[in-house]
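Below is one structure, written out as structure tokens; the observations come after it.
Protein chains: 2
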Amino acid sequence: MTEHLVVVGGDAAGMSAAAQARRLRGPERLRITAFERGHFSSYSACGIPYWVGGDVPERDALIARTPEQHRAQGIDLLMRTEVVELDLDRRRVRSRDLEDGSEAWTGFDQLVIGTGAEPVRPPLPGFDAPGVHGVQTLDEGQALLRTLERDCRRAVVVGGGYIGIEMAEAMVRRGLDVTVVHRAPEPMSTLDPDMGRLVREAMEGMGMEVVPGAEAKEVLLGPDGRPRAVVSSAGEHPADVVVLGLGVRPRTELARAAGLPLGESGGLRTEDTMRVRGQEGIWAGGDCVEVLDQVSGRYRHIALGTHANKQGRVIGINLGGGSAVFPGVVGTAVSKVCALEIARTGLKEREAEAAGLAYESAVIEATSRAGYYPGAAPMTVKMTAERGSGRMLGLQIVGREGAAKRVDIGAVALTAGMTVDQVVSLDLGYAPPFSPVWDPVQVAARRLL
Amino acid sequence: MTEHLVVVGGDAAGMSAAAQARRLRGPERLRITAFERGHFSSYSACGIPYWVGGDVPERDALIARTPEQHRAQGIDLLMRTEVVELDLDRRRVRSRDLEDGSEAWTGFDQLVIGTGAEPVRPPLPGFDAPGVHGVQTLDEGQALLRTLERDCRRAVVVGGGYIGIEMAEAMVRRGLDVTVVHRAPEPMSTLDPDMGRLVREAMEGMGMEVVPGAEAKEVLLGPDGRPRAVVSSAGEHPADVVVLGLGVRPRTELARAAGLPLGESGGLRTEDTMRVRGQEGIWAGGDCVEVLDQVSGRYRHIALGTHANKQGRVIGINLGGGSAVFPGVVGTAVSKVCALEIARTGLKEREAEAAGLAYESAVIEATSRAGYYPGAAPMTVKMTAERGSGRMLGLQIVGREGAAKRVDIGAVALTAGMTVDQVVSLDLGYAPPFSPVWDPVQVAARRLL
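Protein chains in written order, with full-length UniProt numbering: chain A, 1 to 449; chain B, 1 to 449.
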């Protein structure tokens, strides 16, 4: 029997699922139809800041697989075609061709929902004007680049999280004066404030203006209908272009309308097989789902390409007759703003508190290589552990070259439920060009003991 | 009661133990005497290749703590004073002042043995001539630098392990023509031969001559009594200077003479508290001990500063009234030869075989960053796992910038006993400047599945 798999959303999760399922089940056993409303399939949204900033010269470099490549694998991928309704009772989806407006129903046996996320765009005056840009899709990146072709000298980035700081870097690299306006006391509020302060100070040292504790109110427009300033609770910030870095939220209107289970974040709830809870033959992955935080035991929404790819693979294996699970995440994230590397995994202090855990933290400074080795770069490492049990809870790193990926040590240790004592004993790679004799992560663990 | 702690050997393990014990027990409760036969205390032997090569301009940069600094902490450190006998029955050591030849007995309540390792120097003609250098101590590094002040143009490095390749790099950086003569089919025999081949090819690409499968026979001397060539089973290799990179063996003659338990490697056997097996008040750490390989369950000799420091800390805590253990190692090592990074952890295939394990391996190529991000550098990753259980057994990486320290992911996973499946699911740091969307280690794990 040939089953029909319908995939809604042609990016990381959906197309990973489709490609993996195709590898395991040939066209005679599985027909695959995928719908993508945009102009591009399977691309790296995480790469958009580096394309906008000019590090990546070509948009097409961000595309992992074109529609043609997917079709050559026997996946019928319909571009510029938006799914506008999920009819779960009759096992069919209604789609609309965005070019000619025509609609059609397509039946399915298995459904994968990979509708992604959308940038938070505050419902405030001026925020929907041209020249105010989200950067979640290639189409949005392209629109921003078109704006930058105009005479832009001053950029205001609204939001100080990952997208905010990465876009601040991109604007600096394009030669603009950059102001980052954000609500929290420090940028990068996925870190504790003491670590976020290091990020702010470094950004200021790079010539950016950072305005903390500022609620955005309005984008003031010039006579051409384009931004001339952003008004926040902290004042008026001149701007020729405005970039939104307010984070994203799961794009789950379709799922909600179809009565599928959503969590508090608005993301779809799934089993660890990535099947939507309680639904036979309905799967979901990527930026539209919630994930289990293995450290706190709670569900969170984390939009990250690496999770989308892993979840897609799990769906594809399960659709292909195999058996795989996505056990959850530990909250790892790495980023950079120019030469400053930023990383975190596990729980920050407020998250530990919210999870009802008693904790202790230690903050240390160390270097990426042996202190005497050329290029040894400073980093600050903060480790948090549960009081009593000594179980590691979180790790945060801010530093220069060689800092960020050290967080993987913490990510694996958290997954294994290691204590700080066990971290101190880890047999990590040591040689002077790569690490001090005690890895900075272990220096933090020692301090914590 | 004031106890008397005697430390034999003033480098990493011994002085870490002394310093840690001192922090926990003041001079009124613990008197500490340490003996060091050399001119230097607490230095980074691992840094010697980079000092010889010129990356580290000053010898003193390698010294973590001078004798004066130790003395200021209340540790009575006697330099150029060699312990020549351990009298365990009468709880005393006999020492000799290497300047004036005088001898003395010193009683102890607690004894720490940190006598280190010595370079293997084959008992072959010419190998003890001036101009043939081991590089295990600062004194030896200094002697090599004096030789290099002469008109040296051709260096032969005997041995293709860590010290061999690091010294080959050092000689290249000093502008010498370099030949590396070694016995195994490929250099870096701590890797599988297919990975070692990548190292050889890279070294050849750097202009080094690599002579595999060659047994050293003799150093031919010129009329000045200095090397003119090394003779191996593969021919005659012209040399103005010869560097020994044949590895090291534990320096345990004193311990052997005192009847202390040694393992097959000649290293001291200890409990996980680092107390010498079955001996009250006798402790040992660093390059003179064997360590438990947590993956194979066997004991091995691994000379590495990071282990010495960790073991010294454990000894010091236990001496200070606390309780700590050194649980063993997983065999992690990172190194580089010029721009080529090399890393391994766990068991290579032959070691898995020797441990009686059925295994599978996978080898993949990936990049250090997202493929489209500037500076994405290629790396080859090999993962080995137990057949059936899927337990990860080993990880080997050869690549460019950003390759080596990824081995830490494997080191932590091995320590936790993770399966390949669990490695695929790990929440590792992802952003385009730091990693492809699947970390190379996970790409290898996927291939293995």
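Cβ atoms here follow ideal geometry from the backbone N, Cα and C, with glycine treated the same way. Treat the numbers as computed from the prediction; the structure is a model and nothing was measured.
Alpha-carbon to alpha-carbon, residue j and residue i
| i | j | result |
| --- | --- | --- |
| residue 160 (chain A) | residue 144 (chain A) | 18 Å |
| residue 215 (chain B) | residue 139 (chain B) | 28 Å |
| residue 193 (chain B) | residue 391 (chain B) | 22 Å |
| residue 200 (chain B) | residue 368 (chain B) | 21 Å |
| residue 219 (chain B) | residue 404 (chain B) | 35 Å |
| residue 290 (chain B) | residue 276 (chain B) | 11 Å |
| residue 62 (chain A) | residue 170 (chain A) | 16 Å |
| residue 319 (chain B) | residue 33 (chain B) | 14 Å |
| residue 189 (chain B) | residue 393 (chain A) | 38 Å |
| residue 427 (chain A) | residue 122 (chain A) | 48 Å |
| residue 2 (chain A) | residue 76 (chain A) | 15 Å |
| residue 379 (chain B) | residue 172 (chain A) | 31 Å |
| residue 266 (chain A) | residue 279 (chain A) | 18 Å |
| residue 401 (chain A) | residue 420 (chain B) | 29 Å |
| residue 237 (chain A) | residue 155 (chain A) | 9 Å |
| residue 239 (chain B) | residue 206 (chain A) | 51 Å |
| residue 127 (chain A) | residue 177 (chain A) | 20 Å |
| residue 386 (chain B) | residue 197 (chain B) | 24 Å |
| residue 418 (chain B) | residue 415 (chain A) | 10 Å |
| residue 247 (chain A) | residue 158 (chain A) | 10 Å |
| residue 372 (chain B) | residue 365 (chain B) | 15 Å |
| residue 346 (chain B) | residue 43 (chain B) | 28 Å |
| residue 361 (chain A) | residue 412 (chain A) | 19 Å |
Burial state of residue i, where buried means 16 or more other Cβ atoms lie within 10 Å
| i | result |
| --- | --- |
| residue 251 (chain A) | buried |
| residue 105 (chain B) | exposed |
| residue 116 (chain A) | buried |
| residue 339 (chain A) | exposed |
| residue 87 (chain B) | exposed |
| residue 233 (chain B) | exposed |
| residue 36 (chain B) | buried |
| residue 259 (chain A) | exposed |
| residue 354 (chain A) | exposed |
Neighbouring residues, chain A, relative to residue i (Cβ below 9 Å)
| i | result |
| --- | --- |
| residue 418 (chain B) | 412, 415, 416 |
Backbone secondary structure at residue i - three-state DSSP
| i | result |
| --- | --- |
| residue 421 (chain A) | helix |
| residue 253 (chain A) | helix |
| residue 311 (chain A) | helix |
| residue 67 (chain A) | helix |
| residue 277 (chain B) | coil |
| residue 16 (chain A) | helix |
| residue 405 (chain A) | helix |
| residue 396 (chain A) | strand |
| residue 76 (chain A) | strand |
| residue 215 (chain B) | coil |
| residue 235 (chain A) | strand |
| residue 113 (chain B) | strand |
| residue 332 (chain A) | coil |
| residue 345 (chain B) | strand |
| residue 226 (chain B) | coil |
| residue 177 (chain A) | strand |
| residue 139 (chain A) | helix |
| residue 440 (chain B) | helix |
Contact list for residue i against chain B, beta-carbon separation under 8 Å
| i | result |
| --- | --- |
| residue 181 (chain A) | Simply none; closest approach about 23 Å. |
| residue 199 (chain A) | The premise fails here: residue 199 (chain A) is roughly 15 Å from chain B at the closest Cβ pair, so nothing lies under 8 Å. |
| residue 283 (chain A) | Chain B residues near residue 283 (chain A): none, gap ~17 Å exceeds 8 Å. |
Identity of the residues DSSP links to residue i by a beta bridge
| i | result |
| --- | --- |
| residue 108 (chain B) | Answer by DSSP bridge pairing: none, since residue 108 (chain B) is not bridged. |
| residue 52 (chain B) | Answer is none; residue 52 (chain B) lacks a bridge partner. |
| residue 379 (chain A) | A:366, A:399 |
| residue 32 (chain A) | A:5 |
| residue 133 (chain A) | A:243 |
| residue 85 (chain A) | A:94 |
| residue 284 (chain A) | A:113 |
Neighbouring residues, chain A, relative to residue i (Cβ below 8 Å)
| i | result |
| --- | --- |
| residue 370 (chain B) | 44, 46, 47 |
| residue 83 (chain B) | Under the 8 Å cutoff, chain A gives no residues; its nearest Cβ is about 25 Å from residue 83 (chain B). |
Interface partners of residue i on chain A, CB under 7 Å
| i | result |
| --- | --- |
| residue 332 (chain B) | 427, 428, 429 |
| residue 326 (chain B) | 425 |
Contacts of residue i in chain B (Cβ-Cβ under 7 Å)
| i | result |
| --- | --- |
| residue 409 (chain A) | 408, 412 |
| residue 50 (chain A) | 373, 432 |
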